[in-house]
Amino acid sequence: MLLAPGVYEVRGTLRLAADGIVLAGAGMDADPGQNTILRRTGTSTEPVVLAGGRAAGKPFAAEVRGTRSDIVTPRVTVGSSSFEVADASKFRVGDAVLVVQPSTEAWIKSVNAGDAFPDRAAGRTAVWKPGEIDIRYHRYITAVEGNRLTLDAPVFDHLDRARAQSYVAKFNDTGTVRHVGVENLFIDVETESATSENHAADCIRFQQSENCWVRRVTARHFWHSGVQFGGGSTRATVESCRALEPRGIATGGRFYNFGTAGAQLVLFRDCLATKARHAFICNGASLDSGIVFLACVSEGAIASSEGHRRWSQGVLFDNFIARKPDTKIVLGLYNRGRYGTAHGWGLAHSVAWRCAAGGARICVQRPPHAQNYAIGCSGDVSGEGPFKAPAGHIEGVNKTGLDPASLYLAQLNERLSRQ
1 MLLAPGVYEV RGTLRLAADG IVLAGAGMDA DPGQNTILRR TGTSTEPVVL AGGRAAGKPF
61 AAEVRGTRSD IVTPRVTVGS SSFEVADASK FRVGDAVLVV QPSTEAWIKS VNAGDAFPDR
121 AAGRTAVWKP GEIDIRYHRY ITAVEGNRLT LDAPVFDHLD RARAQSYVAK FNDTGTVRHV
181 GVENLFIDVE TESATSENHA ADCIRFQQSE NCWVRRVTAR HFWHSGVQFG GGSTRATVES
241 CRALEPRGIA TGGRFYNFGT AGAQLVLFRD CLATKARHAF ICNGASLDSG IVFLACVSEG
301 AIASSEGHRR WSQGVLFDNF IARKPDTKIV LGLYNRGRYG TAHGWGLAHS VAWRCAAGGA
361 RICVQRPPHA QNYAIGCSGD VSGEGPFKAP AGHIEGVNKT GLDPASLYLA QLNERLSRQ
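Read in full-length UniProt numbering, the sequence shown has 278 at position 278, and its numbers run on one by one without any break.
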């Protein structure tokens with residue numbers, strides 16, 4: 001659907017619920033003579049654009065009955081894409097599968113219950129419990145050799161049989177919507193005031209989707225998110241977008257300009273967030289992994305970009321830039337302790353690469369049985385955060401000439417050269 005320049009009033013939600021739909025306009029700027037403006041009116045808090053399937057149930061949880069096979073490799077290390085299972089005869093090349101590590105009592109203990117200890121005096125009583133922080137990876141099988149499976153993307157945490165018996169199962173992807181795009185639009189939300197929340201929470205939200213994209217879109221005056229991928233979305237790109245000036249109450253659960261919430265293998269590239277709390281955020285707990293924020297800019301943030309809670313993994317902040325932050329910590333790969341619903345460790349096995357703190361701090365700490373990294377970053381880079389923990393691996397602070405300049409682009413070029 002191609003929209004000409006002009007202003008289009010949208011009182012409800014534009015629903016993109018079938019494969020191959022592209023909602024496109026003429027441009028992402030504010031001049032209606034040259035650009036396409038979707039003006040959201042009314043008091044509904046539903047998204048302006050909602051793309052994908054129905055997202056019923058937990059993300060990445062729909063297993064095909066009878067297809068589970070235990071992983072018998074004693075320890076599958078982070079970054080591995082191949083391992084042995086008890087019975088590979090259940091699988092074929094091209095199968096969509098889930099790689100699952102249950103959050104057993106042994107695993108919870110091994111990560112010190114997420115270092116998310118309750119503060120009963122403050123009314124914070126939540127704790128990490130077995131069964132609540134399962135790690136699930138959506139993958140495709142690229143090779144079957146004997147009982148060895150090879151996947152199209154690696155795992156982003158250690159799968160250790162001593163702590164939990166992981167397994168592989170076929171994924172029931174019924175209802176997943178694919179190849180949907182939103183591009184060249186200015187989505188402008190009408191609001192009653194700077195602190196009113198009687199308007200759209202999200203400008204664009206994707207759920208239960210695969211191989212989708214958003215590019216050259218401006219989103220303004222939402223109170224939750226400008227662009228969010230969640231609800232079991234995977235393999236997506238958000239490129240050259242702006243999420244500007246959220247309006248609402250600047251408190252928990254709000255002003256997450258760009259983010260994920262139950263999504264995997266998502267690239268955010270060349271995006272600008274202004275006046276955010278958490279400008280670039282992973283908020284899907286242990287179900288968020290393989291997220292890249294490349295050359296993204298946070299301007300005027302009042303809290304940190306980060307992994308928000310409960311063990312997201314494999315997140316890369318690559319050439320992230322903070323401008324005029326109004327917060328002590330602008331980027332956090334760290335322990336959030338008893339914040340929120342026992343957030344604990346927000347990220348594991350994650351990297352800040354050549355990021356600039358803009359006068360604030362980049363906090364990088366080391367989780368149990370894992371590591372976080374800050375390489376070639378500038379500004380105040382340390383392990384000092386709101387909750388005590390060992391510093392992560394920090395090197396090359398305030399040094400120039402980091403090679404490669406972009407870790408993501410170097411790895412992308414390496415992968416393409418092998419094809």
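Cβ atoms here follow ideal geometry from the backbone N, Cα and C, with glycine treated the same way.
Member of the options whose CA lies at the smallest distance from the CA of residue i
i: residue 46; options: 198, 217 and 95; result: 198
i: residue 422; options: 264, 248 and 344; result: Missing from the structure shown is residue 422; the chain here goes from 1 to 419 and no further.
i: residue 376; options: 370, 396, 390 and 384; result: 396
i: residue 406; options: 388, 379, 352 and 364; result: 352
i: residue 259; options: 214, 39 and 369; result: 214
i: residue 361; options: 343, 350, 345 and 382; result: 382
i: residue 157; options: 330, 238, 176 and 312; result: 312
i: residue 220; options: 179, 174, 263 and 274; result: 274
i: residue 331; options: 338, 343 and 307; result: 307
i: residue 171; options: 400, 94, 354 and 224; result: 94
i: residue 343; options: 191, 128 and 82; result: 128
i: residue 350; options: 191, 387, 394 and 327; result: 394
i: residue 429; options: 298, 412 and 159; result: The structure shown has nothing for residue 429, since the chain only spans 1 to 419.
i: residue 101; options: 74, 125 and 88; result: 74
i: residue 399; options: 380, 415 and 242; result: 380
i: residue 185; options: 297, 148, 300 and 216; result: 216
i: residue 191; options: 183, 182 and 201; result: 201
i: residue 337; options: 287, 386 and 87; result: 386
i: residue 272; options: 245, 333 and 266; result: 245
i: residue 87; options: 144, 131 and 106; result: 144
i: residue 104; options: 263, 279 and 161; result: 161
i: residue 241; options: 182, 282 and 254; result: 182
Residue i vs residue j beta-carbon contact at 8 angstroms
i: residue 374; j: residue 392; result: yes
i: residue 420; j: residue 133; result: For residue 420 there is no data in the structure shown, the boundaries of the chain being 1 and 419.
i: residue 370; j: residue 348; result: yes
i: residue 169; j: residue 63; result: yes
i: residue 431; j: residue 110; result: The displayed coordinates of the chain run from 1 to 419. Any statement about residue 431 would go beyond what the structure contains.
i: residue 5; j: residue 34; result: yes
i: residue 153; j: residue 290; result: yes
i: residue 180; j: residue 53; result: no
i: residue 269; j: residue 319; result: no
i: residue 16; j: residue 51; result: yes
i: residue 166; j: residue 99; result: yes
i: residue 41; j: residue 11; result: yes
i: residue 257; j: residue 284; result: no
i: residue 389; j: residue 366; result: yes
i: residue 137; j: residue 264; result: yes
i: residue 237; j: residue 267; result: yes
i: residue 89; j: residue 148; result: no
Those residues which DSSP pairs with residue i across a bridge
i: residue 193; result: The partner list for residue 193 (beta bridge, DSSP) is empty, contrary to what the question assumes.
i: residue 375; result: 353 and 395
i: residue 307; result: 282
i: residue 213; result: 181 and 237
i: residue 266; result: 236 and 291
i: residue 66; result: Note: residue 66 sits in no beta bridge, so no partner.
i: residue 245; result: The partner list for residue 245 (beta bridge, DSSP) is empty, contrary to what the question assumes.
i: residue 71; result: 85
i: residue 61; result: Residue 61 pairs with nothing; no bridge assigned.
i: residue 405; result: Paired residue(s): none; residue 405 is not in a bridge.
i: residue 220; result: 188 and 244
i: residue 225; result: 202
i: residue 93; result: Partner(s): none; residue 93 has no beta bridge.
i: residue 362; result: 331 and 381
i: residue 417; result: Answer is none; residue 417 lacks a bridge partner.
i: residue 261; result: 230
i: residue 274; result: 299
i: residue 421; result: The question about residue 421 has no answer here: the residues shown for the chain are numbered 1 through 419.
Three CB pairs or more closer than 8 angstroms across the region 229-247 and the region 199-215: Contact holds: three or more Cβ-Cβ distances are below 8 angstroms.
Contact between the region 25-43 and the region 68-80 (3+ Cβ pairs under 8 angstroms): Contact between the region 25-43 and the region 68-80 is absent, because fewer than three Cβ pairs lie under 8 angstroms.
Enumerate, from N- to C-terminal direction, the unbroken beta strand (DSSP E) stretches of 3 or more residues contained entirely within the region 309-353. Every beta strand (DSSP E) of 3 residues or more that sits fully in the region 309-353 is shown, in chain order, as 312-318, 321-323, 329-333 and 350-353.
Quick check for students: name the residue ranges of the beta strand (DSSP E) that lie wholly in the region 118-180, counting only runs of 3 or more. Counting whole runs of 3 or more residues, the region 118-180 contains the beta strand (DSSP E) stretches 135-145, 148-151 and 167-170.
If we count Cβ pairs, one from each stretch, closer than 8 angstroms, do we get three or more for the region 184-197 versus the region 114-121? Touching, no.
Ignoring anything shorter than 3 residues or poking outside the region 7-56, list the beta strand (DSSP E) runs there in chain order. Within the region 7-56, the complete beta strand (DSSP E) runs of at least 3 residues are 14-16, 22-24, 36-40 and 49-52.
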